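Structure first, then comments.
Numbering (full-length UniProt numbering), first residue to last: 1 to 975.
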């Protein structure tokens, strides 16, 4: 008889839940649930797993031979990182295949200091890496790999991460595999992780993920071996799986190699379990509210049965990674939440909790602390938990109505926060604490507490599917895009099958395409396929590498899983990062002395946020440039900004910035290309500049030319020809121009009739120079700078960033656009154009630029009136914002040179056009452009609609331009 039963176990911080499912009976009223069990989590999780499965066997007539699989969801691995437990975290060495790039970026550059000190042990740089078109940055330096391997071995570091630039697309040269083979030959006892096996494109984030994965490898092997032993000891001869972040499963052997992929599986399991329990409902999106002992986790379950994913980047214990994570929000509300009165006499619920000690501390169990469980037992006589009379004696009845209203309001607020539309949505309550929730909620079309909701997480584990993901840069030069997508879809299906899926059940779940700027006929394409596991395969117990139980040479199974003490006097542990609070931001004053603004880390944080918003969808993310400047500042460099009005007429003002594709900048770390282009130019001129001005304030270039509080654009534009010097002078004024790729290739343009001719020539060279270069424009005089500059734009970026950060700290992100408007001149100068969610994105590539449009649907309207939409075309940057009613009649609300900024409604930060994706809630903000663009016909011809090829559209000002307030003028202490 074929094996038909699946066991799912979810190991949480408080409870370990288990379920046995017969999926052939999933459509029956009992959903095919043969047995289930909820028990307290044990110190050794394998003991808890064994106990839960054993109890479920005793509940029914299950025999091990009927079980087809065991799937485990666990927070065990992420807890090791969150707790910064160096008894479970190994030191890691990194070998970067990077050529001349990233040498100024330490490993763990943006990590919490304590975690960096525990894990980050060594960095070795060797020649290697790829350009975005698949060509070599440099041949792999085999001798360099051997040299670093010997150093790592001498340091006693046994976990090594190999990270190559554009390694995810390296299918020809195999530099990562070659490096791993060299290390294995010289250092066979080392654990090796190739970053391309861990995460996708995004160099720093992929490196971070690879380092974390390498750090917990030994611990993960030991843990999964213990899981396997627990399963085998019960006589189960079946495959063991572990659930991963996206709601699919990994064979135990793969999880032992890639434990990081399991980090956020808990919330995902609950959501997938809810989808299974609600399978007879209409296929629609629903909000899943998982109420545990301490917290309530809320996420949106999409129509396809998988959770809505968070933004491109996620943080794991303060470490930025590029994993696909479920978009889940948490509040301090659970079955063990403490209920008490605050100083003003108001009833509060949580976030403090008695947690797993509820059976000792709650009133109904004879304790002395009032919890949500006590109030719930008091309110519902059907709940047979503890002694209800003890809650009555404690006098809880008097405040029961207030308690119910408080819990209801808390749940309604978090559900509303997660919604992407004001329309009512089904809410499914799961988790052991679901009994505390009311039967109706404002904003919910219905509230459902399905049977077995208390073990939904275990059900989600048991029903998880197998996935296969392909993330690749592909050419469409000789094939149509449809042909390429079909080939990659087949590769994703084959990958899913190789991972254990039954081919007939595999479908394509997700598909995204990103054309690459300045690279002819190339696109980055991501395809994900999912299917059911093929139980007809012969694999039974999966053999895992043995573990000696050692991490950092100290950890043994007999030791408790508790963090080791860390010497707080260790200087390397000092956290130099700013910890933002409402009071800190409100009281912060920038340091301005004798009209020189001396930048702090706080200033850099604010400016980074503001620069990306002023990028109007383009300009590239400033994050890497922020890290570079922060490292310089920490090393003692003085970062200063001066007012353009303080320049002397005969001063020589340098200008520069990066040119290239944002898709390159997220994967190819900066090198010397910017400084090299400037050095070469001024060596040629036999002069030295007196000051530097950014080419544009928008995006990464806003942090490239610190010194002058101003720039040539007041925003970001697709080309360096669209600058104010070109508005005022028809002939080329910034020659000679020099570009460098940082890898030995330098181009000069010493003469040109116009700046447009320079632009065309250099853009043509870009694709042959890695699609990313540093550009040094010829200097201009101080007198011309004062005539042409858009003033105080660094101050503007600073003020915008401060407004966003303050909105976050005050928990008022929903009002972030209004806060920004106040900083840019008020309602006469800016306004909110639209609020909604992205429902469509089209992208094409023409002449090296990413063209397309994003469609945003309003969060207001109903089936009667219809919903308004906003359409925003873009050419690297957003061009205009057109609002359409339900009948298709439209009106352009803002158009270039005015700024059209799209903000992530969840955190108030900018979204680049490459980050637009379906389902994201957004705010569209319009800001009036500088008069440098709007006061002349030539300014509008270059920076207005005609400059983007829209010759039939006319510029209509959004409002009245307000000159940004100077930080220098406001805060100069010498005045």
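Glycine residues also receive a C-beta, built at the ideal position from the N, C-alpha and C atoms.
Remember, predicted model here, so these are calculated numbers, not experimental data.
Where residue 817 is concerned, the enclosing alpha helix (DSSP H) starts and stops at 816-823.
Looking at the DSSP output, residue 362 sits in a beta bridge with 369.
Where residue 206 is concerned, the enclosing alpha helix (DSSP H) starts and stops at 203-215. For residue 17, the closest C-alpha among the options 61, 410, 455 and 68 is that of 455. Annotated three-state conformation of residue 528 is strand, per DSSP. In this structure, DSSP gives residue 772 an extended state, which the three-state scheme calls strand. The beta carbon of residue 931 lies closer than 6 Å to those of 961 in the same chain, with the five residues before and after it left out.
Residue state for residue 79 is assigned as helix, using DSSP reduced to three classes. Counting the other Cβ atoms within 10 Å of the Cβ of residue 957 gives fewer than 16, which makes it exposed. For residue 15, the uninterrupted beta strand (DSSP E) segment begins and ends at 15-22. A contact between stretches requires three or more CB pairs, one per stretch, nearer than 8 Å, and the region 216-234 fails this requirement with the region 322-337. Judged by DSSP in its simplified three-state form, residue 748 adopts strand. Contact check for residue 610 and residue 797: beta-carbon distance about 3 Å, within the 8 Å limit, so the pair qualifies. As the crow flies, the alpha-carbon of residue 483 is around 20 Å from that of residue 171. The residue from 598, 908 and 690 with its alpha-carbon nearest to that of residue 814 is 908. CA-to-CA, the gap between residue 287 and residue 411 works out to about 11 Å.
Exclusion of the five residues before and after residue 882 leaves 871, 890 and 892 as the residues of its chain whose Cβ lies within less than 6 Å of its Cβ. The criterion of a C-beta distance shorter than 9 Å is satisfied by residue 716 and residue 699. Rounded to the nearest angstrom, the gap between the Cα atoms of residue 122 and residue 213 is 16 Å. A contact between stretches requires three or more CB pairs, one per stretch, nearer than 8 Å, and the region 187-196 fails this requirement with the region 120-137. Cβ-Cβ separation between residue 723 and residue 901: approximately 20 Å, too far for a contact (criterion under 8 Å). Excluding its 5 nearest sequence neighbours in each direction, residue 232 has no C-beta neighbour in its own chain below 6 Å. Excluding the 5 residues flanking it on each side, residue 176 has same chain C-beta neighbours closer than 6 Å at 162, 164, 167, 194 and 196, in chain order. Distances from the CA of residue 477 to each of 767, 502 and 523 were compared; the closest alpha carbon is that of 523. Excluding the 5 residues flanking it on each side, residue 669 has same chain C-beta neighbours closer than 8 Å at 98, 101, 102, 105, 165, 203, 204 and 624, in chain order. Straight-line measurement puts the Cα of residue 916 at about 32 Å from the Cα of residue 938.
By the CB criterion at 9 Å, residue 852 and residue 896 fall outside the cutoff. Under DSSP, the beta-bridge partners assigned to residue 71 are 8 and 241.
By the Cβ test, the region 433-441 is not in contact with the region 463-482, since fewer than three Cβ pairs between them sit closer than 8 Å. Cα atoms of residue 281 and residue 6: separation of roughly 23 Å, rounded to the nearest angstrom. For residue 463, the uninterrupted alpha helix (DSSP H) run begins and ends at 456-463, by DSSP.
CA-CA distance, residue 309 to residue 912, rounds to 18 Å. A direct Cα-Cα distance of roughly 21 Å separates residue 397 from residue 360.
Using a 10 angstroms sphere on the CB of residue 671, the tally of other CB atoms reaches 16 or more, which defines it as buried. Taken through DSSP and simplified to helix, strand or coil, residue 357 comes out as helix.
CA-CA distance, residue 934 to residue 940, rounds to 6 Å.
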